[in-house]
Every structure is written in C-alpha cells, then in structure tokens.
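Asker: Under this note's numbering, think of the first position of the sequence shown as 1, with each following residue one higher.
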Amino acid sequence: MTEEKKDAAQNFELVLSSAAQLPGVRIDREKYLAGALSKKFSPEVIATAIESSPAAAGIKPEELSPIADASIRYESTKVTAISVAAGIPGGFAMAGTVPADLAQYFAHVLRITQKLAYLYGWDHIFEGTEEEIDDETKNLLILFIGVMFGANGATDAVTKISSQVAAAVAKKLPQKALTKGAIYPIVKKVAGYIGVKMTKDIFAKGVSKVIPIVGGVISGGVTLATYAPMCLQLKDYLAGLEVANPNTYVAEVIAVEDVEEYEA
1 MTEEKKDAAQ NFELVLSSAA QLPGVRIDRE KYLAGALSKK FSPEVIATAI ESSPAAAGIK
61 PEELSPIADA SIRYESTKVT AISVAAGIPG GFAMAGTVPA DLAQYFAHVL RITQKLAYLY
121 GWDHIFEGTE EEIDDETKNL LILFIGVMFG ANGATDAVTK ISSQVAAAVA KKLPQKALTK
181 GAIYPIVKKV AGYIGVKMTK DIFAKGVSKV IPIVGGVISG GVTLATYAPM CLQLKDYLAG
241 LEVANPNTYV AEVIAVEDVE EYEA
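1) For E13 and K138, which I take to be in contact (beta-carbon distance under 8 angstroms), what is that distance rounded to the nearest angstrom?
2) What's the C-alpha gap between I59 and E4?
3) Taking buried to mean at least 16 other C-beta atoms within 10 Å of its own C-beta, is Q104 buried or exposed?
4) Cutting at 7 angstroms between CB atoms, please list the residues of its own chain near L238, excluding the five before and the five after it.
5) Let's test the definition: count the other Cβ atoms within 10 Å of the Cβ of K200 and tell me whether it reaches 16, buried, or not, exposed.
6) Tell me, to the nearest whole angstrom, how far the beta carbon of G195 is from that of A34; I am working on the premise that it is less than 8 angstroms.
7) Excluding sequence positions up to five away, which residues of its chain have a Cβ less than 7 angstroms from the Cβ of L143?
8) According to DSSP, is P99 helix, strand or coil?
9) Determine the DSSP secondary structure at N152, reduced to helix, strand or coil.
10) Buried or exposed for G216, please, with buried defined as at least 16 other CB atoms from any protein chain shown within 10 angstroms of its CB.
11) Name the residue from N11, T2 and G240 whose alpha carbon lies nearest to the alpha carbon of P99.
12) G240 to A68, Cα distance in whole Å?
13) For the alpha helix (DSSP H) holding P43, just list the boundary residues, first then last.
14) Please tell me whether I72 and C231 are closer than 8 angstroms, where the distance is taken between their beta carbons.
15) So what's L23 in DSSP terms, helix, strand or just coil?
16) What's the gap between the Cα of S17 and the Cα of T2?
17) If A20 sits next to L110, beta carbons under 8 angstroms apart, how far is it from one beta carbon to the other, in whole angstroms?
18) Give the single residue among K39, S53, A57 and A228 whose Cα lies nearest to the Cα of V273.
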C-alpha cells in the first residue's frame with residue numbers, strides 16, 4: 001500500500017471512530033427488530049428473529065425488502081438535511097480534527113449499516129462502551145462500508161465471514177478473522193480506498209460551499225444522490241448472503257433431526 005493510501009486509511013479510521021462516538025449512532029438490535037417487524041409478523045416470529053435472526057424465523061429477504069427500504073429512506077432524509085446545513089458556510093464547526101458534517105454523514109452510514117445487517121441475519125455489531133470502538137467491530141464496519149463504496153475485496157471478505165456465521169462456526173463474529181490472517185490486509189486496503197474517495201468528496205463539497213445557500217443545496221443534492229444508492233447496494237448484497245436465507249436454517253434443523261433419529 002502506498003503512503004498516500006496509508007494516510008487515507010488512517011484518516012478514514014479516525015472519521016469512523018469519531019462518528020461511532022456520536023449520540024444515537026449505535027442501534028439497539030432488539031428494539032430495532034421488534035419495531036421494524038411488528039407490523040407484518042406475529043410476536044412468536046419476532047421473538048425468534050430477535051433470539052436468532054429473521055432468516056432463522058423463516059422470514060424471506062423479499063419480505064424484508066420494504067422494511068429495509070423504509071429504513072434507507074429515513075436515514076437518507078436525515079443525512080441530506082444535515083448535508084444541506086453543512087453546505088452553508090459556517091453551518092458546522094470543527095469537531096476535533098474531523099469536520100462535524102463528515103462525522104455526521106458517516107454516523108448515518110453506520111446507522112443504516114447496522115439496521116440492514118440486523119435485518120439480514122447479523123448479530124450485535126457494537127461491543128464495548130460508548131467511548132470506544134474495538135478493532136474487530138471497526139474492521140467489520142469498514143468492510144460493510146467498503147461494499148457500499150464498491151471497494152475491491154470487500155464483498156469477498158464479508159461473504160467469507162458470513163458463511164462462518166451461517167454455519168454456526170461461532171456464535172459471535174469470528175473476531176480473529178477480522179484482526180489476523182487473510183482478511184485483515186483486505187480491511188486495510190478497503191479503508192485506504194474509502195479514505196481516498198472520501199478526501200476527493202470533501203474537496204468537491206468544499207468547492208460548493210463557496211456559494212452561500214446554493215452551496216448548501218448542491219451539497220445536500222450530492223449527498224442524496226450518493227447515499228441512497230450506496231445503501232441499496234449494501235442491502236442487495238446482504239440479502240443475497242447465505243446468512244439471510246431461511247433455507248440455511250431449515251437445512252440445519254433437518255440435519256440435526258436426522259442425526260437424532262439415527263442415534264435413536
């Protein structure tokens with residue numbers, strides 16, 4: 001990795017850490033699933049979805065699609081409003097070394113990432129306290145965001161991790177895979193890719209801020225045009241993974257029953 005990409009990766013990880021510490025970023029998996037599924041599914045199905053996953057409860061990806069779309073619309077509206085305000089000169093001050101509007105933008109990226117992940121079979125993502133984000137969580141989020149940004153290697157890495165989760169190799173995420181071995185270098189490359197792209201986008205928005213008010217509208221329009229499609233890209237990808245397929249869990253149940261019958 002070049003020095004430019006290393007610096008870009010470090011900058012992005014700094015932004016990600018800052019965004020993760022903002023109020024309201026961390027989505028309570030149980031509360032979100034309970035609310036999101038309440039209008040379409042029975043309490044029994046919802047209870048199983050929360051305890052295990054929506055797929056394990058027999059909920060198909062196509063049934064989750066309108067729920068996911070509603071969450072994307074909600075977060076898109078919020079992030080666009082923030083971007084319009086930030087596009088007006090003097091709209092947001094600096095938060096440490098990270099521009100406030102940039103941290104807010106990625107805060108909504110993290111929010112929708114969690115919502116989509118929980119709908120399509122993933123367990124709790126954030127661990128630890130509100131003041132910190134551990135390396136395993138950060139690296140997984142980088143890969144999810146890499147899928148949104150179209151970074152090379154991100155989809156393959158997440159697919160490998162999800163297959164381990166679906167196969168119940170580990171009740172929680174395979175943490176060592178995210179900090180050591182073949183996947184870790186991919187995380188760093190993805191972070192560098194996003195960092196470079198992020199830097200270019202900051203420059204583009206900086207130009208738009210030269211013109212008061214109009215700059216805000218341009219900034220908001222660019223955000224809306226990029227945020228929603230990236231969310232949809234992540235949604236479609238997660239919906240196609242093994243961990244989101246109810247048949248994965250039906251096969252597991254049949255296999256267990258076959259073993260028990262044989263032993264009897």
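Ideal placement from N, C-alpha and C gives every residue a C-beta, glycine not left out.
Answerer: This is what the structure holds:
1) Contact between E13 and K138 holds: CB atoms are separated by about 7 angstroms, below the 8 angstroms threshold.
2) Each residue's Cα considered, the two are about 44 angstroms apart.
3) Classified as buried, Q104 has 16 or more neighbouring CB atoms from the shown chains inside 10 Å of its CB.
4) Cβ neighbours of L238 beyond the five flanking positions: L116, A117, Y120 and A244.
5) Answer is exposed; the Cβ neighbour count stays below 16.
6) Actually they are not in contact, since the Cβ atoms of G195 and A34 sit about 36 angstroms apart, beyond 8 angstroms.
7) Excluding residues within five positions, the ones whose Cβ falls inside 7 angstroms are A154, A157, V158, V187 and V190.
8) Note: P99 maps to strand in three-state DSSP.
9) Annotated three-state conformation of N152 is coil, per DSSP.
10) Reliability fails at G216, whose pLDDT of 42 lies under 50, so the model's placement of it is uncertain and the value that follows must be treated cautiously. With 16 or more other Cβ atoms within 10 Å, it is buried.
11) The shortest CA-to-CA distance from P99 to any of N11, T2 and G240 is the one to N11.
12) In a straight line, the C-alpha of G240 is about 14 angstroms away from that of A68.
13) Its alpha helix (DSSP H) spans residues P43 to E51.
14) Between I72 and C231, the CB-CB gap stays under 8 angstroms.
15) Looking at the sequence shown, residue 23 is not Leu but Pro. In the structure shown, P23 falls within a coil segment according to DSSP collapsed to helix, strand and coil.
16) In this model, S17 and T2 are separated by some 23 angstroms (Cα to Cα).
17) Rounded, the Cβ-Cβ distance is 6 angstroms, consistent with contact.
18) Within the shown structure, residues of the chain are numbered from 1 to 264, placing residue 273 beyond reach of any answer.
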